[in-house]
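A.B. asks: The sequence shown: position 80 = 80 (UniProt numbering), numbered continuously. Ideal placement from N, C-alpha and C gives every residue a C-beta, glycine not left out.
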Amino acid sequence: MEENINALPEKRILMEYREINSGIQDDLSAESFDNFLKFLDLFTLGPLGYMLIDRNAKIVHLNRRSQEILGVQSEDLLDSSLYGGLYSGSAKALENILQKEQENTLFSIKLHVNYADSAQEYLYFYIKKIRIADNDDLYILLISTVSVFASEIDIEFSFMQAVIDAQDKEREQLGSILHDSLAQVLYGIRLSLQHFLLKNPEFKNNIQPIKGMLDEAIHQIRDLSKDLAPSVLKDFGLKKAIMDMVDRIHVPQLDIHTYMEEEIRLPYDYEFGVFRIIQELLNNCLKHSNASEIWIRLFREDENLIIEVKDNGQGFLKDVDECMLKGTGLRNIKNRVEVMKGILSIDYDGSGCVVKVVFKNKVK
């Protein structure tokens, strides 16, 4: 039988409504959402669980830590209702939150859980609504066995980290799907056409253009899968991964110059973050700067690691906050730099833009 929570002040449901300016892009594009479901890699090994639920509390995504906290396997949780794992009073409290329309509001709530193998009777949930273009709204939930945030800043930081991890994880999964599934299907079609030509050479002039288009599609899919899941980073290191990425860019009348010191090796998670920052900065140059030259530098200065990306195009606005509002993609870079405890600066002198990221005391 469920306890009378209202009669037990020390165990009653605690709800707080906090307005925060999280700096996270709440209105994600459909393209961003395709990447939304790894900025949760750092999180996966941490003390907090996370999950995504829809407006009806159906669980659509969760990490291993959530399973450990709730004492339930992933296959038993996915597509099930979170309400089913809560006592009725807590389920009603959660329902009230999910029916609200506040999109920039962070809710923290203590819920009475009813999962048989959960090691805890009460869990702390931190809930934020995320709007996805052309999709129903989703809610990201951080889950803890204790109240872990000392301030709203701590919560803001954790949500930024969670979103970045999720983006990276989905990129990696999508890259694997492209390489292991779609590319293999196209290879199969190409082999079938080749086999057809051997038996029907009179159709060569008709088939050759199709083979050419297939070859180009296979090439683009391989490049995209490498960008989404850069296995070369893990196998050969940061410098090789960046050079490989630059070599795949073929834009008319654009020269990309690189300078990277040898032997800068960091823990893989950190190298991955540096790679993503350079990738995002390069993509911004390609999309927005109209530059004819781009310079990428990765070097050490004393014990500091420095990324510098410069172009001779129109650049960003001088003010970083204005750039955030313009939606140039710099917001994602800024969030990632903050999670990695770096310093981001932008300088524009009328003849080009220099974006500099400094990570202090990261190399010896």
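In the DSSP output, what is residue 52 paired with across the bridge?
C.D. replies: The sequence position of residue 52 within the sequence shown is 52, counting from 1. Residue 52 pairs with 61 and 140.
A.B. asks: Counting beta carbon pairs with one atom in the region 265 to 280 and one in the region 230 to 248, are three or more of them shorter than 8 Å?
C.D. replies: A contact exists between the region 230 to 248 and the region 265 to 280.
A.B. asks: Any chance the region 70 to 79 sits against the region 87 to 102, with 3 or more Cβ pairs inside 8 Å?
C.D. replies: Result no; under three Cβ-Cβ pairs closer than 8 Å.
A.B. asks: If you draw a straight line from the alpha carbon of residue 150 to that of residue 344, how long is it in whole angstroms?
C.D. replies: As a first step, residue 150 is located in the sequence shown; it is residue number 150 there, counting from the start. As a first step, residue 344 is located in the sequence shown; it is residue number 344 there, counting from the start. The pLDDT assigned to residue 150 is 48, lower than 50, so where the model puts this residue is not dependable; a value taken from the coordinates is nonetheless given after this. Cα to Cα, residue 150 sits roughly 26 Å from residue 344.
A.B. asks: Considering residue 270, what are the terminal residues of the beta strand (DSSP E) in which it resides?
C.D. replies: For this step, residue 270 is matched to residue 270 along the sequence shown. Looking at the DSSP string, residue 270 is not in any beta strand (DSSP E); the run it does join, the alpha helix (DSSP H), is 268 to 284.
A.B. asks: Relative to the C-alpha of residue 117, which residue among 141, 69 and 218 is closest?
C.D. replies: Mapped onto the sequence shown, residue 117 falls at position 117. Minimum Cα distance to residue 117 is reached at 69.
A.B. asks: Between residue 218 and residue 197, how many whole angstroms is the CB-CB distance? I'm expecting something under 8 Å.
C.D. replies: As a working mapping, residue 218 is identified with position 218 in the sequence shown. As a working mapping, residue 197 is identified with position 197 in the sequence shown. Rounded, the Cβ-Cβ distance is 17 Å, inconsistent with contact.
A.B. asks: Are residue 297 and residue 270 closer than 8 Å when you measure CB to CB?
C.D. replies: Sequence index remark: in the sequence shown, residue 297 carries index 297 (1-based). Sequence index remark: in the sequence shown, residue 270 carries index 270 (1-based). The answer is no: Cβ separation not under 8 Å.
A.B. asks: Given a threshold of 16 other Cβ atoms within 10 Å of its Cβ, counted over all protein chains shown, does residue 250 qualify as buried or as exposed?
C.D. replies: Translated into the one-based positions of the sequence shown, residue 250 becomes position 250. Its Cβ having fewer than 16 others within 10 Å, residue 250 is exposed.
A.B. asks: Measure how close the beta-carbons of residue 367 and residue 50 come, nearest whole angstrom, since I'm counting them as under 8 Å.
C.D. replies: Residue 367 lies beyond the stretch modelled for the chain, which goes from 1 to 364, so this question has no answer here.
A.B. asks: Around the Cβ of residue 128, are there at least 16 other Cβ atoms within 10 angstroms (buried) or fewer (exposed)?
C.D. replies: If you number the sequence shown from 1, residue 128 lands on position 128. By the neighbour-count rule (16 or more Cβ atoms within 10 Å), residue 128 is buried.
A.B. asks: If you reduce the DSSP assignment to three classes, tell me which class residue 305 lands in.
C.D. replies: In the sequence shown, residue 305 corresponds to position 305, counting from 1. Looking at residue 305 - three-state DSSP - the assignment turns out to be strand.
A.B. asks: Residue 350 and residue 313: beta carbons closer than 8 Å?
C.D. replies: As a first step, residue 350 is located in the sequence shown; it is residue number 350 there, counting from the start. As a first step, residue 313 is located in the sequence shown; it is residue number 313 there, counting from the start. No, the Cβ-Cβ distance between residue 350 and residue 313 is not below 8 Å.
A.B. asks: Alpha helix (DSSP H) containing residue 74: first to last residue?
C.D. replies: The sequence position of residue 74 within the sequence shown is 74, counting from 1. Start and end: 74 to 77.
A.B. asks: Which value, in whole angstroms, describes the spacing of the CA atoms of residue 359 and residue 306?
C.D. replies: As a first step, residue 359 is located in the sequence shown; it is residue number 359 there, counting from the start. As a first step, residue 306 is located in the sequence shown; it is residue number 306 there, counting from the start. Approximately 6 Å, taken between the alpha carbons.
A.B. asks: Which of the three DSSP states is assigned to residue 345 in this structure?
C.D. replies: For this step, residue 345 is matched to residue 345 along the sequence shown. Correct three-state label for residue 345: strand.
A.B. asks: Please classify residue 206 as buried or exposed, where buried requires at least 16 other C-beta atoms within 10 Å of its C-beta.
C.D. replies: Position 206 of the sequence shown, counted from the start, is the residue given in the question as residue 206. So residue 206 ends up on the exposed side.
A.B. asks: The ligand MG and residue 189: does any heavy atom of the ligand fall closer than 7 Å to the residue's C-beta?
C.D. replies: The ligand MG is absent from the structure shown, which contains no ligands of any kind.
A.B. asks: Quick check: residue 294 and residue 256, are their CB atoms within less than 8 Å of each other?
C.D. replies: Position 294 of the sequence shown, counted from the first residue, corresponds to residue 294. Position 256 of the sequence shown, counted from the first residue, corresponds to residue 256. Cβ atoms of residue 294 and residue 256: closer than 8 Å.
A.B. asks: Give the straight-line distance between the Cα atoms of residue 341 and residue 334, rounded to the nearest whole angstrom.
C.D. replies: Working through the sequence shown from its first residue, we reach residue 341 at position 341. Working through the sequence shown from its first residue, we reach residue 334 at position 334. Spanning the two alpha carbons is a distance of roughly 10 Å.
A.B. asks: Sort out for me which residues DSSP pairs residue 190 with in a bridge.
C.D. replies: On the sequence shown, residue 190 is found 190 positions in, with the first residue counted as 1. In the DSSP output, where bridge partners are listed per residue, residue 190 has none listed.
A.B. asks: For the alpha helix (DSSP H) containing residue 287, name the first residue and the last one.
C.D. replies: Within the sequence shown, residue 287 is the residue found at index 287, counting from 1. Neither: residue 287 is in no alpha helix (DSSP H) and is coded neither H nor E.
A.B. asks: Quick one: using the 10 Å Cβ neighbour count with 16 as the cut-off for buried, is residue 63 buried or exposed?
C.D. replies: Counting from 1 along the sequence shown, the entry for residue 63 is found at position 63. Per the 10 Å Cβ criterion, buried.
A.B. asks: Looking at the structure shown, is residue 109 part of a helix, part of a strand, or coil, going by DSSP?
C.D. replies: The residue you call residue 109 lines up with position 109 of the sequence shown. Residue 109 falls in the strand class under three-state DSSP.
A.B. asks: Under 8 Å, do residue 354 and residue 287 count as touching if we go by C-beta distance?
C.D. replies: Within the sequence shown, residue 354 is the residue found at index 354, counting from 1. Within the sequence shown, residue 287 is the residue found at index 287, counting from 1. Not a contact, by the Cβ cut-off of 8 Å.
A.B. asks: Check whether the Cβ of residue 236 lies closer than 8 Å to any Cβ atom in chain D.
C.D. replies: Structure shown: chain D not included; a single protein chain is present.
A.B. asks: Mind listing, in chain order, the continuous beta strand (DSSP E) runs of no fewer than 3 residues lying wholly within the region 208 to 272?
C.D. replies: If we require 3 residues or more, the beta strand (DSSP E) runs fully inside the region 208 to 272 come out as 255 to 260.
A.B. asks: Is it buried or exposed, residue 234, if we count other Cβ atoms within 10 angstroms and call 16 or more buried?
C.D. replies: Start at 1 with the first residue of the sequence shown, and residue 234 comes out as number 234. Its Cβ having fewer than 16 others within 10 Å, residue 234 is exposed.
A.B. asks: Whole angstroms are fine: how far does the CA of residue 189 sit from the CA of residue 222?
C.D. replies: Here the question's residue 222 lines up with position 222 in the sequence shown. Here the question's residue 189 lines up with position 189 in the sequence shown. Taking the straight line from one Cα to the other gives about 16 Å.
A.B. asks: DSSP beta-bridge partners for residue 127?
C.D. replies: One-based indexing of the sequence shown puts residue 127 at position 127. DSSP lists 107 and 141 as partners of residue 127.
A.B. asks: Between the C-alpha atoms of residue 61 and residue 130, what's the straight-line distance to the nearest angstrom?
C.D. replies: As a first step, residue 61 must be located in the sequence shown, where it is residue number 61. As a first step, residue 130 must be located in the sequence shown, where it is residue number 130. Going by the C-alpha atoms only, they are around 14 Å apart.
A.B. asks: What number of angstroms, rounded off, separates the C-alpha of residue 282 from the C-alpha of residue 238?
C.D. replies: Position 282 of the sequence shown, counting from 1, holds the residue named residue 282. Position 238 of the sequence shown, counting from 1, holds the residue named residue 238. Their backbone Cα atoms lie some 15 Å apart in a straight line.
A.B. asks: Is residue 115 helix, strand or coil when you go by DSSP?
C.D. replies: On the sequence shown, position 115 is the one that residue 115 refers to. Reduced to three states, the DSSP call for residue 115 is coil.
A.B. asks: Are the beta-carbon atoms belonging to residue 224 and residue 284 less than 8 Å from one another?
C.D. replies: Taking the first residue of the sequence shown as 1, we reach residue 224 at position 224. Taking the first residue of the sequence shown as 1, we reach residue 284 at position 284. No. Outside cutoff.
A.B. asks: For residue 339, count the other beta carbons within 10 Å of its own beta carbon; 16 or more makes it buried, fewer makes it exposed. Which is it?
C.D. replies: By one-based count along the sequence shown, residue 339 stands at place 339. Flag for residue 339 reads buried.
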